[in-house]
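Before any comments, here is the structure.
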Amino acid sequence: MSLIVDAIITGILTGAVYALMASGLTLIFGVMELINIGQGILIILGAYLSYILEQYLHIDLFLGLLITMPLLFFLGFLIEVLLIRPIQHDRTVLSILVTFGIALVIEGLLNLIFSANYIQLHAWYVTASFPIGDFYLSYIYVFDFLLAIVLLGGLYLLLYRSKFGRSVRASMQNRTAATLIGIDVERISAITFGIGVALAAAGGMAFGSTNAFNANSSYDLISRLLAIIIFGGMGSLSGALIASVSMLVIENITAVIWSPVWASTIFFILLVVILALRPQGLLGQVEGRAQ
Amino acid sequence: MKITKIASLLLLLAIALAFPLLFPNPAVTGIAVFTLLFAMATTGWNIFSGYSGYIALGQGGYFGLGAYALALLCQGWNVPGGYLPFCLVPLAGLAAALVAIPLGWIALRARRHTFVVITIALFFILQLLAYNLTGLTRGSTGLSLPIPADWSGDFFNIPFYYVTLLALLITIGISWWIRNSKYGLGLLAIRDDEDRASGLGVRTGPFKLSAYIISAFIIGMTGALWAYFVEAIYPATAFDPLFDVAIALMAFLGGLGSLTGPLLGALILEPAQQYFPLQFSQNSYYLIIYGALFLIVILLMPRGIIPTFQVHWRIYQTGNETGGRSPHSVITTSLTKDHKNNMKKSDSA
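Structure below.
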C-alpha cells in the first residue's frame, strides 16, 4: 500500500516537471500553430548547459537557470526570426520539418561535444533524501516540483495578468484579428517562441537532475511531450498540467502493481482511447476551417 | 510530344534494368537497392499525404510492422532463404494495412496539426510495443530473417534489386492510376478545401481512410523487403523516427503531391544518405550535415523541384505558343491551359 502512495506522490512531483517541459511546447503551438519537434533536444541542451555551469564554474543548478534561461530565450528568438518566419506557405508541415532539422543539427553537435555517455546533474540535494512516512524522498524531487510551480505560476501571471499576455492570448485566438487591432503578431510570436525555449532550459535542468541523459534521450522525451499535449488538448496549458500529472501517476502505479516495462505503454493506450472518444483532447478546441 | 515522352520513359526503364549490369560493384548495388526502397516508400507515402494534404509523420510504424510481419511469417512457417520470402512480402504489407485500419480511423478524426501529432504518437506506441512484446518480438534482441545461403557475395544484391524495382513500378502504377482517377481528384479536393469537397459530395471520410490504408500497405511491403535485405531487425532500426522524416523530406524536395516528385527526391537524397555515413565515420557529422541540408532545402525550395520547374516550363511554353497569334486567342489558350493544369495538376511530369 505504501508503495502505491509513494508512486502517487513521486508521480505528482515529477508530473509537474513534465508539465513545465510541455508548457513551452503547448504555448508555442497555441500562439503560432506550429509544433516544435526540437523541444526535446532543446530540453537536453538546457540540461547540458546546466551541466557545464555546474561542472566547470561550480554554479548551483538553480542559480544557473538565471544564465541558461536567458541564453535559450535568445536562441529561441533567433530560431523564430531566422528559420521559421521565412516560411510562407504550408506552415504546419514545413515548420515541423524545419524544427526537426534544427533538432538534428543540435543533436549532432551535442553528440560531438559530449559523446554519447549518459550523465546526470550533481548537487548535494540530488543525492540527499528525507523520510516521509515509510519511504525516503530525494530533496531534488521537491525542489524541482517547487521550481515547476513557480515557473508555471509566473507563466500564468504573464499570460493572464499582463498587457503582453492579453496580446498573446489575442494572437492565440485569431491571428488576423489580432493584427487588425494593432498587435504586432510577429514580435509576439518571436517572444513566445523564446519563452517556450527558455522554459525548456528550466525543464532540462529539472529533467537532468532526476534522470541520466544523453543527446539521444530527446526522442523519448519529445514523444512523451507530444503525447501529453494531445492528451491535454493542443494549446491548453491547464490541459498539459492535468495530462502530465496523470501520465506520471499512471506510469508509476503501473510500474508498482504490474511491471515497469509496461509503464509508459499503458499511458499511450489510454491516450488512444481518449483520442477515439475526444479527438481534440481533454481541454482542446475543435479544429474547423482555417481562418 | 507523346512519342518523346514514351521513348524517354522506356529509356529510363532500360537504364534502371541495366544498372546492376553496368555497375556490378556490391557496394553500389547495395546503395541502389536502398534508393529503390526509399523511392517506393516515398511514393507510397505521397499517395496519402501528398494527394490528400494530410501529413502523416508516423508511417514509419507500418514500415516496422511490415518488417516484423515478414520476420515472424518466415519464422512461423520455417521458410528457407531464397526466392520464397519475396512471395510473402505482400502478406506482410497486408498485416501493416490491417493495423492501419483502426489507427487510421482514430488519427483521421482529427485535422491538420493534431493529426500530425497523433500520427507521431501512434508511431512511438508501435515502437514501444516492439520493445515490450518480448514474447513475440524478442524485444531489443531483435529478430533475424532466413539467409539465402546459395546467393554468393556478388550476386546477393541482384535479386533484391529486381524485386524492389518491380514493386516500385507497381507502386508508381498505383500512384499514377489514383492521380488520374475520380478517386484521386476527390483526394486532391480534400487537400485544397476539405469542407467544400464534402459539400460537393466527396465522401471525405472513406476517401482519406482508404488512401491511408493503401499507403500503409505499400510502406509495409517496403519494410518487409528492407527486413529481408538487412537480415536482422531491431526495434530501433525497424521503427526509426528518422525514416518518417526522411520520406517526408524526399517528397518535399521533389514536390509534394506530384507523381514524379517523390521519386526524384528519393533518387537524390537516399544515395547521399547512404554515402555520408560511409564518408564520415562519426555519426555526429552526418547528423549535422543532414540537418543543415534539410534546413537549406526547405527554406530555399519550399515547393520542391518538380513544381518549381513546372511553373517555369509552363511560362516558357505559353510564351512560345503565343508568338504570332491575336491577343484574344492568347488569353483563351492560356486560360484553357491553366484550367487543364488545375484539373490534373502536374501529372504531366
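In the order they appear, the protein sequences are chains A and B. Numbering of the first sequence is given in the numbering used here, commencing with residue 58 and proceeding in unit increments. Numbering of the second sequence is given in the numbering used here, commencing with residue 30 and proceeding in unit increments. Backbone N, C-alpha and C fix where the C-beta goes; we use that ideal spot for every residue, glycine too.
Taking the C-beta atoms as reference points, Ile248/A is found nearer than 9 Å to Phe221/A. Inclusion of Ala300/A and Ala160/A in the CB contact set at 9 Å is not warranted, their separation being larger than that value.
In this structure, Val108/B places its C-beta atom within 9 Å of the C-beta atom of Leu117/B. Close to Ser313/B, with beta-carbon spacing below 7 Å, are these residues of chain A in chain order: Gly165, Asn168, Leu169. Of all residues in the segment 72-92 of chain A, only Phe86, Glu90, Leu91, Ile92 come within less than 9 Å of chain B when Cβ atoms are compared, listed by chain position. Nearest to Ile334/B by C-alpha distance, out of Tyr314/B, Gln303/B, Ala295/B, Phe52/B, is Ala295/B. The C-beta of Val274/B has 16 or more other C-beta atoms within 10 Å across all chains shown, which makes the residue buried. With a cut-off of 8 Å on Cβ pairs, the segment 287-298 of chain A is not in contact with the segment 162-174 of chain A, counting fewer than three such pairs. When DSSP states are grouped into helix, strand and coil, Phe192/A belongs to the strand group. Within the segment 241-254 of chain B, contact with chain A at the beta-carbon level (separation under 8 Å) is assigned to no residue. Residue state for Ala85/B is assigned as coil, using DSSP reduced to three classes. Chain-order list of chain A residues neighbouring Arg167/B: empty, with the shortest C-beta distance near 14 Å, by a criterion of under 9 Å.
No residue range can be given for Arg218/A, since it is assigned to no alpha helix (DSSP H) and is classified by DSSP as neither H nor E. With the rule of 3 Cβ pairs closer than 8 Å, the segment 94-101 of chain B counts as touching the segment 255-272 of chain B. Contact holds between the segment 75-83 of chain B and the segment 211-219 of chain B, because three or more Cβ pairs, one in each stretch, are under 8 Å apart. Contact between Ala277/B and Leu328/A does not hold, since the beta-carbon distance rounds to 23 Å and is not under 8 Å.
In the DSSP annotation of this structure, Gln145/A is not part of any alpha helix (DSSP H), being labelled neither H nor E. Shown here, Ala261/B sits in a strand according to DSSP, grouped into three states. Taken atom to atom, the span from the alpha-carbon of Ile285/A to that of Ile297/B is near 36 Å. Contact annotation: Thr64/B and Glu260/B have beta-carbon atoms that are not nearer than 9 Å. Against Trp315/A, chain B offers no close residue; the least beta-carbon distance is about 12 Å (beta-carbon pairs closer than 9 Å). Proximity of chain B to Ile287/A at the Cβ level (cut-off 7 Å) is accounted for by Thr143, Val146, Ile147, Ala150, in chain order.
Counting along the chain, no alpha helix (DSSP H) covers Ser78/B, and no H or E run does either.
With distances taken between CA atoms, Gly286/B lies nearest to Thr337/B out of Trp255/B, Thr337/B, Gly320/B. The DSSP-derived three-state label of Phe270/A is strand.
Annotation for Thr311/A: Trp319, Ala320, Ile323 place their beta carbon closer than 7 Å to its own, counting only its chain and skipping 5 residues before and after. Collapsing the DSSP output to three states places Phe187/A in a strand. Using beta-carbon distances, Ala333/A counts as an interface residue toward chain B, with a partner under 9 Å. Within the segment 323-334 of chain B, Phe323, Leu324, Ile327, Leu328, Pro331 place their CB atoms closer than 7 Å to a CB of chain A, listed in sequence order.
Using a CB distance below 8 Å, the part of the segment 262-282 of chain B facing chain A consists of Pro270, Val274, Ala277, Leu278, Phe281, ordered along the chain. Contact of Leu140/A with chain B by beta-carbon distance below 8 Å involves Leu324, Leu328.
Nothing from the segment 48-77 of chain B brings a Cβ to less than 8 Å from some Cβ of chain A. For the pair Val302/A and Ala64/A, the CB atoms are not nearer than the 9 Å cut-off.
DSSP places Leu214/B in the helix class (H, G or I) of the three-state scheme.
Taking C-beta separations shorter than 7 Å and ignoring five residues to either side along the sequence, the partners of Leu305/A in its chain run Gly68, Thr71, Gly72, Tyr75, following chain order.
Relative to Ser275/A, the option among Ile124/A, Leu123/A, Arg232/A, Tyr175/A whose CA is nearest is Tyr175/A.
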